[in-house]
Amino acid sequence: MVIIMGQGATVEHVDAVIASVEREGFSAFVNPGVERKVIAVLGVVDSRKTPLVEKFEALDGVERVTLISEPYKLSSRNYHPQDTVVRVGSVEIGGPEVVVIAGPCSVESREQILEAAHAVKAGGAKLLRGGAFKPRTSPYSFQGLGRTGLEYLAEAREATGLPIVTEILDPFDLPVVSEFTDVFQVGARNMSNFRLLQLLGRTDKPVLLKRGPSSKLRDMLQAAEYIMVEGNTQVILCERGIVAFDDATRNTTDINAIPVLKQWSHLPVILDPSHSVGHTRWIPAIARAGVAAGADGLAIEVHPRPAEALSDGGQSLKPDQFRSLMVQLGRVAEAIGRHIGDEG
Ligand code: PEP
Ligand code: MN
-14 MVIIMGQGAT VEHVDAVIAS VEREGFSAFV NPGVERKVIA VLGVVDSRKT
36 PLVEKFEALD GVERVTLISE PYKLSSRNYH PQDTVVRVGS VEIGGPEVVV
86 IAGPCSVESR EQILEAAHAV KAGGAKLLRG GAFKPRTSPY SFQGLGRTGL
136 EYLAEAREAT GLPIVTEILD PFDLPVVSEF TDVFQVGARN MSNFRLLQLL
186 GRTDKPVLLK RGPSSKLRDM LQAAEYIMVE GNTQVILCER GIVAFDDATR
236 NTTDINAIPV LKQWSHLPVI LDPSHSVGHT RWIPAIARAG VAAGADGLAI
286 EVHPRPAEAL SDGGQSLKPD QFRSLMVQLG RVAEAIGRHI GDEG
């Protein structure tokens, strides 16, 4: 249920509505919309629906009360009609610029991440990615450098000015990851780790939430809700391919997810073509498709020497491949009235 305040509603009116919502045993979440305030009533409404609507509608300053039928509320466009722009330093995700996040799958050494950071910056990336805690299918595969990897990432940020995005695997790692990162990445395998999502919701850093490989878009928005209801509304949704029957590619890019999520939610939506496709040669095509479909950004794996990569080398672009892709992406963005990089 959302309570939409009239244009002339005062701060006192809003406070009185919040007090009334809380007296009924719900929590109130206020979207300070520019035109008019919208208050989400969170909790189980059930059979009290009609009397509650009538009660809230009778309060001073209230224009109307509407029920949100979707299971997600704060991430819904019905609650928050305007696009959310997530800010990371001076980078804005969800505005007219298509923001590219790039870097290796894993941080492997100081030299590797510094080289990758300089290369992706030269190509026009705005954020640097790199995993220090890696979710690997096999426990015998490279698991990441942990804290040392985070220190190298911070050094690469220092050297290039690029903010960093890195994955948090477990609530246990929250103190160390928050010490270094600018954006928390929740990996596909952790989209439904609700305890982790809740804890990230209590932080003040943006969260890049990847779609579970077998998760519906509605489930993804409810995962975003777990973060938002704790107070952190800076969530970026990321399509990264889903499980389908064909094994020609690592996953199947659900390009549909981009326009659907953009309509259902106000949160920025980005595409990770690297994990969606899993093979270097097809990544440029799907990256271009993502921009054309309206993605607010892309997350692309780039490695200085993919053949030597400790993870995901087969889907990493070389720096020169990344540079030429960025030129093409700029043209696609321009064709739909957006831009990549600073010109625009
Ligand atoms: C990654 O970004 O390196 C990664 C492990 O991605 P995903 O969680 O989408 O598999
Ligand atoms: Mn990877």
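In our numbering, the protein residues as written are -14 to 329. Backbone N, C-alpha and C define an ideal beta-carbon position, used for all residues, glycine too.
Using only the alpha-carbon positions, how far apart do residue i and residue j sit?
i: Val2; j: Ile153; result: 38 Å
i: Ser163; j: Phe169; result: 8 Å
i: Thr69; j: Ile271; result: 25 Å
i: Ala25; j: Pro124; result: 43 Å
i: Arg49; j: Val228; result: 42 Å
i: Ala83; j: Ser75; result: In the sequence under discussion, the amino acid at residue 83 is Val, which differs from the Ala named in the question. Their Cα atoms are separated by approximately 14 Å.
i: His(-2); j: Met(-10); result: 9 Å
i: Lys111; j: Ala102; result: 10 Å
i: Gly80; j: Gly275; result: 16 Å
i: Arg21; j: Lys303; result: 48 Å
Which residues in the same chain as residue i place their Cβ atom closer than 7 Å to its Cβ, once the five residues preceding and following it in sequence are excluded?
i: Leu44; result: Ala1, Val2, Ser5
i: Gly109; result: Val85, Met311, Ile325, Gly326
i: Ala208; result: Met176, Ser177, Leu182, Leu194
i: Leu246; result: Leu202, Leu222, Val254
i: Leu206; result: Tyr57, Ser60, Trp249, Ser250
Using beta-carbon positions only, say whether residue i and residue j come within less than 8 Å of one another.
i: Gly115; j: Thr166; result: no
i: Asn217; j: Arg196; result: no
i: Pro244; j: Ala277; result: no
i: Phe307; j: Val92; result: no
i: Cys90; j: Glu215; result: no
i: Trp249; j: Arg62; result: yes
i: Arg180; j: Pro156; result: yes
i: Tyr64; j: Ile98; result: no
i: Val23; j: Val(-13); result: yes
i: Thr238; j: Asp231; result: no
i: Gly226; j: Ser199; result: no
For residue i, is the classification buried or exposed, using 16 other Cβ atoms within 10 angstroms of its Cβ as the cut-off for buried?
i: Asp281; result: buried
i: Ala292; result: exposed
i: Val(-4); result: exposed
i: Ile221; result: buried
i: Thr265; result: buried
i: Gly322; result: exposed
i: Arg33; result: exposed
i: Ala320; result: exposed
i: Glu42; result: exposed
i: Pro36; result: exposed
i: Ser259; result: buried
i: Glu7; result: exposed
Might you give, ordered along the chain, the residues of its own chain that have their beta carbon closer than 6 Å to the beta carbon of residue i, omitting 5 neighbours on each side?
i: Ser12; result: Leu27
i: Gly263; result: Thr234, Arg235, Gln300
i: Gly329; result: Because Gly329 carries a pLDDT of 41, less than 50, the predicted location of this residue cannot be relied on, and the following value inherits that uncertainty. Same-chain partners within the cutoff: there are none.
i: Cys223; result: Leu193, Lys195, Ile255, Asp257
i: Gln219; result: Val71, Pro191
i: His288; result: Pro89, Ala294, Ser301
i: Ile149; result: Leu113, Leu138, Arg142, Thr166, Asp167
i: Val317; result: Arg273, Val276, Ala277
Under 8 Å Cβ to Cβ from residue i, same chain only, skipping five residues before and after it: list those, please.
i: Arg121; result: Phe127, Gln128, Ser296
i: Thr145; result: Ala102, His103, Lys106, Leu113
i: Trp267; result: Thr234
Next on the checklist: Quick check on the DSSP output: what are the complete beta strand (DSSP E) runs of length 3 or more inside the region 171 to 216, in order along the chain?
Outcome noted: 192 to 195
Item to check | Complete runs of the beta strand (DSSP E) confined to the region 242 to 281 [at least 3 residues] | outcome: 254 to 256
Next on the checklist: Just to confirm the assignment: which complete alpha helix (DSSP H) runs, minimum length 4, are found wholly within the region 8 to 70?
Outcome noted: 34 to 42
Checklist entry - Which runs of the beta strand (DSSP E) spanning at least 3 residues fall entirely within the region 72 to 104, listed in chain order? => result 76 to 78, 84 to 88
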